[in-house]
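So my numbering is basically just the index in the sequence shown, starting at one, shifted up by 65. Positions of the beta carbon are idealized from the N, C-alpha and C atoms, including for glycine. Just so it is clear, the structure is predicted and the values come from calculations on it, not from any experiment.
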Amino acid sequence: MTTPTSRRAVLAVAAGTAALAGCGSSDDKKSGGTSGTPGAGETSPPVAFAPNTPTRSSSASPGDGDVLAKTSDIPVGGGKVFAARKVVVTQPEEGTFKAFSAICTHQGCTVKDVAGGTINCPCHGSKYRVADASVAAGPAPRPLAPARITVENGSIHLA
């Protein structure tokens, strides 16, 4: 004799399946992939990662790349996280701007803020230095990947 499946059991299985569908593959996280989950309703294009280039001036015109912020929005010795764009921009010293992936190298969480000279991940406490995104406190195994930006006419552009 078979027992009919209860509504509660069906809902529990559906909820578990939905939760698993939102998880990235473990291979993606092992390879340093960017499978961090954006916040509710957020979508963002992939960030092109390349070594930081000088940020005073470049061959890019102000129309090239997406404008992230004004230079005045980024504090000296600090920075700002652009979670939807999966990038963090810092100004380690006056007039020098750097950009890095906002995806923690530990388990793919998006870093939360920049404070006290470090880029901070809320998930497990990893901290990265604003000057070069090197690991200041683990469990992160490696620095944040650099991202390419240009700075011109007081605007920071995602290259």
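query, result
"Residue 197 - DSSP class collapsed to helix/strand/coil", "coil"
"Alpha carbon of residue 135 to alpha carbon of residue 219, nearest angstrom", "6 Å"
"Nearest-angstrom Cβ-Cβ length linking residue 162 and residue 214, presumed shorter than 8 Å", "7 Å"
"Own chain partners of residue 204 with C-beta closer than 8 Å, once the 5 adjacent residues on each side are dropped", "171, 189, 190, 191"
"Residue 184: first and last residue of the uninterrupted beta strand (DSSP E) it sits in", "183 to 185"
"With 16 other Cβ atoms within 10 Å as the buried cut-off, status of residue 166", "buried"
"Residue burial classification, residue 90 (beta-carbon count within 10 angstroms, cutoff 16)", "Low confidence applies here, because residue 90 scores a pLDDT of 38, under 50, leaving its location unreliable and the question unanswered by this model."
"CA-to-CA distance, residue 223 to residue 131, given in whole angstroms", "5 Å"
"Nearest-angstrom Cα separation, counted from residue 133 out to residue 221", "6 Å"
"Selected residue, minimal CA-CA separation from residue 151, among 157, 160, 176, 144", "176"
"Nearest-angstrom Cα separation, counted from residue 202 out to residue 116", "At residue 116 the pLDDT is 38, less than 50, meaning the model places this residue with poor confidence; the figure from the coordinates comes in the next sentence. The alpha-carbon atoms of residue 116 and residue 202 are separated by roughly 23 Å."
"Residue 143: first and last residue of the uninterrupted beta strand (DSSP E) it sits in", "143 to 147"
"Close-in-space but distant-in-sequence residues of the same chain around residue 180 (CB under 8 Å, 5 per side omitted)", "143"
"Inter-residue Cα distance where the pair is residue 145 and residue 206", "22 Å"
"Burial state of residue 154, where buried means 16 or more other Cβ atoms lie within 10 Å", "buried"
"Which of helix, strand or coil DSSP assigns to residue 137", "helix"
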